[in-house]
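These notes concern the structure reproduced below.
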Amino acid sequence: MILLTRAVVQPWNCDMMGHMTTRFYVAFFDDAINILLGQATGWAPTTPEWADRGWADVRHEIDFVGEVPSGVIVEIYGTVRTVGRTSIQTDYEMRRLHGGELAAKLAAKTVFFNLAERKSTPLTEPMLERLKSWGT
Numbered sequence: 001m002i003l004l005t006r007a008v009v010q011p012w013n014c015d016m017m018g019h020m021t022t023r024f025y026v027a028f029f030d031d032a033i034n035i036l037l038g039q040a041t042g043w044a045p046t047t048p049e050w051a052d053r054g055w056a057d058v059r060h061e062i063d064f065v066g067e068v069p070s071g072v073i074v075e076i077y078g079t080v081r082t083v084g085r086t087s088i089q090t091d092y093e094m095r096r097l098h099g100g101e102l103a104a105k106l107a108a109k110t111v112f113f114n115l116a117e118r119k120s121t122p123l124t125e126p127m128l129e130r131l132k133s134w135g136t
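For reference, each letter of the sequence shown is one residue, going 1 to 136 in my numbering.
Spelled out as structure tokens, the structure:
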């Protein structure tokens with residue numbers, strides 16, 4: 001797994017019990033997913049070559065392992081598990097920066113998507129070539 005992003009857990013990310021809520025776990029992981037997809041496939045949504053192409057998350061499975069209170073810095077690591085014709089399955093770990101304790105794990109399936117036609121589309125050859133360096 002490679003480091004994708006770091007974030008500080010803010011007081012407004014926490015519930016009345018003082019630990020990060022599910023909605024912010026998902027947001028932090030979503031940032032990491034977009035970073036991984038860009039790095040692993042070359043996808044850059046603001047460039048003309050990627051017009052009308054993007055991603056659709058179709059599955060998330062989160063395991064909450066340890067509490068994350070306000071003020072903690074978390075790091076999110078990720079890797080590509082499998083590559084299909086139109087989708088990628090990825091794994092992520094959220095760890096506390098100080099001490100390295102595992103806070104949560106996410107398994108995700110993301111489909112390459114034609115935004116104009118509103119349906120999945122095959123991964124391109126350049127994308128598949130880049131994904132080889134991610135151990136697939």
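In this text, a Cβ means the ideal position worked out from N, Cα and C, and glycines have one as well. None of these values were measured; they are calculated from a predicted model.
Contact check for R95 against A108 fails: the beta carbons are separated by 8 Å or more. By the criterion of a C-beta distance shorter than 8 Å, F113 is surrounded in its chain by R53, G54, W55, A56, K119, S120, T121, once the five residues flanking it on both sides are discounted. Taking the C-beta atoms as reference points, G38 is found no nearer than 8 Å to P126. Beyond the five residues adjoining it in sequence on each side, W134 comes within less than 6 Å, by CB distance, of A40, V80 in the same chain, given in chain order. Rounded to the nearest angstrom, the gap between the Cα atoms of N34 and G78 is 11 Å. Using a C-beta cut-off of 8 Å, the segment 6-16 makes contact with the segment 67-75, since at least three inter-stretch Cβ pairs fall below that distance. The beta-bridge partner set that DSSP reports for G54 consists of F113.
Under DSSP, F64 takes part in a beta bridge, and its partners are A104.
Taking the CA atoms as reference points, Y25 sits about 10 Å from D63. In the DSSP assignment, M20 falls outside any alpha helix (DSSP H) and carries neither an H nor an E. Taking R85 as the centre and dropping the five residues before and after it, the same chain places the C-beta of P122, L123 closer than 8 Å to its C-beta, in chain order.
In the three-state DSSP reduction, D15 falls in the coil class, being neither helix nor strand. Apart from the 5 residues on each side of it in sequence, L131 sits with its Cβ closer than 8 Å to the Cβ of A40, T41, V80, V83, I88, L123 in its chain, given in chain order.
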